[in-house]
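Please read the structure below before turning to the comments.
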Amino acid sequence: MSNGSSITHCLLLPFADIQELQLWHFWLFLGISLGNGLTITSTACNQHLHIHAYVFLFNFSLLDLGCIFTAVPRSMANSLWDTRAISYTACAAQFFFSLFLS
Numbered sequence: 001m002s003n004g005s006s007i008t009h010c011l012l013l014p015f016a017d018i019q020e021l022q023l024w025h026f027w028l029f030l031g032i033s034l035g036n037g038l039t040i041t042s043t044a045c046n047q048h049l050h051i052h053a054y055v056f057l058f059n060f061s062l063l064d065l066g067c068i069f070t071a072v073p074r075s076m077a078n079s080l081w082d083t084r085a086i087s088y089t090a091c092a093a094q095f096f097f098s099l100f101l102s
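So this is what it looks like as structure tokens:
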């Protein structure tokens, strides 16, 4: 007799049970992601910003977006649609990237 079950998705713990806090969670992380994208774009496109401080901010923003790119967008969607499931591959990708980048 063999076990025929398989893992197809993982469950995320809710940020908050209150809908208003879930919306704040969504807008906060959207603002952070857009701010990082603006920092990357402006530093890459403007030659006057290729000094040490801005190159550091560019690398920091790129690392920040890379670390959270697998789980946070799904968490933001879960906040809007009040769901808790995340695919097993997304969960494994987040685990891999957290080990690789730390």
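Note that UniProt numbering has the sequence shown beginning at 1, numbered continuously upward. Just so it is clear, CB atoms sit at the ideal spot from N, CA and C, and this is done for glycine as well. Bear in mind the structure is a predicted one, so any value in this text is a computation, not a measurement.
- Spatial neighbours of L62 in its own chain (CB-CB distance under 7 Å, excluding positions within 5 residues in sequence) are listed in chain order as I40.
- Annotated as distal: R74 and A93, with beta-carbon spacing of 8 Å or more.
- Looking at the DSSP output, C10 shares a beta bridge with I86.
- Between the beta-carbon of M76 and that of L30 there is about 7 Å, and that keeps the pair under the 8 Å contact cut.
- Counting along the chain, the unbroken alpha helix (DSSP H) around F56 starts and ends at H52 to I68.
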